[in-house]
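Residue numbers (our numbering): 1494 to 1757.
The block underneath contains the structure these notes are about, expressed in structure tokens.
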Amino acid sequence: MAEDSKDSLPHSSNSTERPRPEFHRVLLKISGEGLAGPEGFGIGGAALAHVADELRPVHAMGVQIGIVVGGGNILRGEKFARETHITEATAHYMGMLATVMNALALQETLEAEGMPTRVLSSIHIASVCEPYIRRRAIRHLEKGRIVVLAAGTGRPYVTTDTAAALSAVEIQADALIKATQVDGVYSADPKLDPNARFYERLSYDRVINERLKVMDLSAVDLCQRNGVRIHVLDLHKRGNLAKLVSGEVVGTTISRQGDPGAGI
Ligand code: UDP
């Protein structure tokens, strides 16, 4: 849903007891790192449980949730091809298969926590999950199921950031929420540069022109062209996701308006 028409959205919650969410439908991008074990790779039970804890209140509010999972906790195609004799395209397909493993782990965890979930994969693996079909994904969302989109775009040489932007546009999400390990977007790496400035609001143009490290520039461009707002937040901070969908200012918002203080 284009950000300009957001105000006219029908909200899925008609219960007076539930907080009225700011969003009707969101696309959440969770990188593989967000699901990793304590060593920073593989799939960690605590990380999975944390994601489920963060999603529960949002799901209970009636927000429709699509999730694109990364696979960097298992394999990144470009790096793997560089370090081996494996053709780069094949390595990328392996990276996409890694996202399927993450998606299955997430599905089981969310369902154990009472959230009905479906995995739809862009690479067809009929014995473990459904194929990605746009209308089917939307039908699941309308039925209150969390939809985990696996295998990225199904094509090599791009990342799951691009898949997340494409999916957000395709399912007409009100926003693309990029869950990261830091609290938003900075002018430089805050761990290395004590003068790094935190941005509460940014324009798409500024992110692209200054090559700020948010997500692939092609993904930002796609969101810009289709008016999908991007929110960048720290998923490790408890309650962040619920706060955002309840209308609180959390992390960095990237939209057409950008940062008024910066004159953009
Ligand atoms: N990948 C791909 N096409 C896609 C999405 C992902 O080829 O549409 C591959 C790519 O090799 C990537 C890997 O899958 O490195 C894992 O995805 P990504 O690096 O985006 O995971 P994240 O960094 O979000 O954990």
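C-beta: ideal position from N, C-alpha, C; glycine also.
Remember, predicted model here, so these are calculated numbers, not experimental data.
- For residue 1560, the uninterrupted beta strand (DSSP E) run begins and ends at 1557-1562, by DSSP.
- Residue state for residue 1616 is assigned as coil, using DSSP reduced to three classes.
- In this structure, the C-beta of residue 1714 stays at least 8 Å away from each heavy atom of ligand 1.
- Sequence-distant partners of residue 1582 (beyond 5 residues in either direction) whose C-beta falls short of 7 Å from its own C-beta, in its chain, are 1649.
- Only residues of its own chain outside the window of five on either side were considered, and among them 1556, 1667, 1668, 1738 have a CB closer than 7 Å to the CB of residue 1516, listed in chain order.
- Secondary-structure assignment with DSSP links residue 1679 through a beta bridge to 1691.
- By the C-beta criterion, the segment 1708-1726 is judged not to be in contact with the segment 1632-1640, since fewer than 3 inter-stretch pairs fall below 8 Å.
- Between the alpha carbons of residue 1614 and residue 1567 lies a gap of roughly 17 Å.
- In the structure shown, residue 1644 falls within a coil segment according to DSSP collapsed to helix, strand and coil.
- Here residue 1696 is bridged, per DSSP, to 1748.
- Counting only runs that start and end inside the segment 1514-1572, the beta strand (DSSP E) elements of at least 3 residues fall at 1518-1523, 1557-1562.
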